[in-house]
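If you number the sequence shown the way full-length UniProt numbering does, the last residue is 397 and the count never jumps. The beta carbon of each residue, even a glycine, is placed where N, CA and C say it ideally should be.
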Amino acid sequence: MTTVSRTQDQHSHLDEDPAFALHRGGKLHISSSVDVHDHEGLSLAYTPGVARVCDAIAETPELVETYTWKSNLVAVVTDGTAVLGLGDIGPEASLPVMEGKSLLFKQFGDVDSVPIALGCTGVDEIVETVVRMAPSFGGINLEDIAAPRCFEIERRLRERLDIPVFHDDQHGTAIVTVAALHNAARLTGRTLADLRVVVSGAGSAGVAVTKMLIDGGIGDIAVADSKGMIHDGREDLNPVKQELAGISNRAGLRGSIESALAGADVFIGLSSGEVPESVVATMADDAIIFAMANPKPEVHPDVARKYASVVATGRSDFPNQINNVLAFPGVFRGAFDARATDITENMKLAAAEALAGLVGDDLAADYVIPSPFDPRVVPAVSAAVAAQAREDGVVRA
1 MTTVSRTQDQ HSHLDEDPAF ALHRGGKLHI SSSVDVHDHE GLSLAYTPGV
51 ARVCDAIAET PELVETYTWK SNLVAVVTDG TAVLGLGDIG PEASLPVMEG
101 KSLLFKQFGD VDSVPIALGC TGVDEIVETV VRMAPSFGGI NLEDIAAPRC
151 FEIERRLRER LDIPVFHDDQ HGTAIVTVAA LHNAARLTGR TLADLRVVVS
201 GAGSAGVAVT KMLIDGGIGD IAVADSKGMI HDGREDLNPV KQELAGISNR
251 AGLRGSIESA LAGADVFIGL SSGEVPESVV ATMADDAIIF AMANPKPEVH
301 PDVARKYASV VATGRSDFPN QINNVLAFPG VFRGAFDARA TDITENMKLA
351 AAEALAGLVG DDLAADYVIP SPFDPRVVPA VSAAVAAQAR EDGVVRA
């Protein structure tokens with residue numbers, strides 16, 4: 001018996017848990033799109049026929065989009081340093097999550113993808129590795145890379161590559177949050193411009209949500225990290241937070257997040273910090289609470305509903321789930337359909353607007369964002385993203 005077989009036998013009791021049973025052998029496999037069952041087929045799929053295709057691509061490189069799977073293929077790249085709420089668990093332990101991401105890409109957006117867990121964590125190492133493997137892929141989805149390195153990695157990859165690069169922890173979260181907040185504001189008779197928002201968490205999601213809400217016309221927004229409110233007067237800020245201080249918190253809020261929430265219209269939780277009920281009670285009338293820490297929200301929905309008109313979480317067992325699967329399959333589907341070379345800020349805003357628009361006249365306190373299983377989601381998001389890519393001029397001729 002091999003070592004692998006002995007290990008599998010020793011751990012077979014794990015399959016009593018349905019999550020382990022589902023994951024046995026992994027959640028993905030590669031299947032061929034053509035059948036080869038005779039010599040003629042073999043000679044076309046491989047040598048000598050394949051050589052004619054290779055020569056054509058060498059002479060006209062853009063033919064790779066038509067005669068390989070590159071144009072519909074995403075690399076789902078992680079270093080395993082910020083996996084779900086588990087933290088830095090390493091590349092091997094991140095693979096079940098990356099496989100799950102690929103499964104969702106295919107099921108919801110008909111986008112092929114390959115999970116790639118890297119055995120390095122340095123910015124230079126990750127950037128160079130991804131750049132070197134990029135010729136095989138039509139897009140790069142960065143996943144579960146800890147802040148602040150994730151910002152620099154994405155920025156440098158976008159500069160060096162002519163294919164879409166998207167950090168889902170940032171922009172997927174931001175797209176869905178902005179869409180849901182737009183509808184929550186509409187339900188309570190307001191617009192984004194009327195709202196004062198407090199964000200808990202200055203990691204990848206917190207920074208991206210804040211920037212996208214500013215681009216979307218939010219009234220005012222302030223962000224708290226573990227040391228309190230981020231403002232221009234703080235001297236302990238890294239460059240990412242320093243930039244955030246310069247574009248947010250126009251009210252100049254200082255001190256704790258608890259004091260900042262007094263009179264606030266919106267709380268957006270993107271950290272693991274708990275907010276006491278007594279603090280929630282100080283928020284403005286018709287408050288909106290998006291407590292998205294998972295599995296334990298910063299404010300339990302039962303508590304939040306006592307004070308808020310709209311409550312959303314990151315969990316699937318409560319209404320208004322802020323789930324990235326509402327964004328990334330449609331964003332890449334639209335980018336690929338338009339043959340986009342980048343994913344611009346306007347494309348992300350277009351995705352959020354399309355997502356919000358699907359709720360329409362069915363808007364209610366327990367329905368400010370569609371379900372991931374709503375069949376309209378990917379077509380609407382992809383069409384909006386593709387149209388905006390063309391308008392922004394980031395498409396191949």
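Report the rounded CA-to-CA distance for residue i versus residue j, giving the unit in angstroms.
| i | j | result |
| --- | --- | --- |
| residue 449 | M212 | Nothing in the structure corresponds to residue 449, since the chain is present only between 1 and 397. |
| S43 | D110 | 29 Å |
| R396 | Q388 | 14 Å |
| R234 | A245 | 9 Å |
| D236 | V223 | 15 Å |
| D35 | T68 | 16 Å |
| L73 | A338 | 14 Å |
| L187 | R376 | 21 Å |
| V83 | G252 | 33 Å |
| E16 | R24 | 11 Å |
| A51 | L63 | 14 Å |
| F105 | S33 | 18 Å |
| M1 | K101 | In this predicted model, M1 has a pLDDT of only 49, less than 50, meaning its place in the structure is not dependable; the value taken from the coordinates is given anyway. Distance between the alpha carbons of M1 and K101 is about 33 Å. |
Using DSSP with H/G/I as helix, E/B as strand and the rest coil, what is residue i?
| i | result |
| --- | --- |
| L237 | coil |
| V176 | helix |
| G206 | helix |
| S382 | helix |
| L22 | helix |
| N320 | coil |
| V266 | strand |
| R339 | coil |
| M1 | For M1, the pLDDT reaches just 49, beneath the cut-off of 50, and the residue's location in the model is therefore unreliable, although a value from the coordinates is still provided. M1: coil per DSSP, three-state reduction. |
| D162 | coil |
| P115 | strand |
| S200 | strand |
Which residue's Cα is closest to the Cα of residue i: the options?
| i | options | result |
| --- | --- | --- |
| S278 | I288, I289, A287 and V303 | V303 |
| L157 | V178, V176, P91 and T129 | T129 |
| D169 | G393, P148 and L244 | P148 |
| residue 400 | F336, Y367, F267 and L363 | The shown model of the chain, from 1 to 397, leaves out residue 400, and the question about it has no answer. |
| H182 | V76, A327 and A352 | A352 |
| F166 | V76, G252, A202 and A354 | V76 |
| V280 | L253, A260 and Q242 | A260 |
| G139 | P115, G122 and C150 | P115 |
| R190 | T47, H13 and S309 | S309 |
| L358 | A364, D366 and P370 | P370 |
| H29 | V97, S113 and P61 | S113 |
| L103 | Q321, L363, L22 and A56 | L22 |
| D88 | S12, A117 and A208 | A117 |
Kindly list the residues whose CB is nearer than 7 Å to the CB of residue i, restricted to its own chain and excluding five residues on each side of it in sequence; keep chain order.
| i | result |
| --- | --- |
| L195 | A185, I218, G219, D265 and V266 |
| V385 | G330, V331, G334, A335, M347, A350 and A351 |
| H37 | none |
| G90 | G80 |
| G26 | E99 |
So, for residue i: in the same chain, excluding its five sequence neighbours on each side, which residues have a beta-carbon less than 6 Å away from its beta-carbon?
| i | result |
| --- | --- |
| L14 | F20 |
Give a yes or no on contact between the segment 268–276 and the segment 284–298, applying the rule of three or more CB pairs nearer than 8 Å.
yes
Could you tell me whether the segment 135–145 touches the segment 66–83, using the rule of 3 or more Cβ pairs below 8 Å?
By the Cβ criterion, the segment 135–145 is in contact with the segment 66–83, since at least three pairs of Cβ atoms, one from each stretch, lie closer than 8 Å.
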